[in-house]
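Only one structure is covered here, and it is reproduced in the block below.
Residue numbers (the UniProt record's numbering): 1 to 101.
Here it is in structure tokens:
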């Protein structure tokens, strides 16, 4: 009898310089399918996704928008979270690179 091992699944953390698109949706759907499959097989699963909120492109887009940078990334991070809700994703953690600690 084989021992069930914990499974850790993560996606890339997309930049939040624009709304989520089909490329990211397809990635998180694959991660979600794997997480659900391994859970059905009785494994402990940790599925991680989130957003990368640092980088020159994000700073430039935020500055172009006229919004403070944190407000800008908060808006787009929320759009990615709403996508997760719409797709009924089963992630365990949504990390934002602007989160403290």
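Note that beta-carbon positions come from the ideal geometry of N, C-alpha and C, so glycine has one too.
- Relative to residue 14, the option among 5, 31, 24, 44 whose CA is nearest is 24.
- Within the DSSP bridge table, the entry for residue 96 names 51 as partners.
- Shown here, residue 15 sits in a strand according to DSSP, grouped into three states.
- Here residue 46 has 8, 92 as same chain residues with Cβ atoms under 6 Å from its own Cβ, once five neighbours each way along the sequence are excluded.
- Boundaries for residue 81: no beta strand (DSSP E) harbours it, while the alpha helix (DSSP H) harbouring it runs 69-86, taken from the DSSP string.
- The residue from 99, 95, 100, 20 with its alpha-carbon nearest to that of residue 48 is 95.
- Per the coordinates, the alpha-carbon of residue 98 lies some 16 Å from the alpha-carbon of residue 12.
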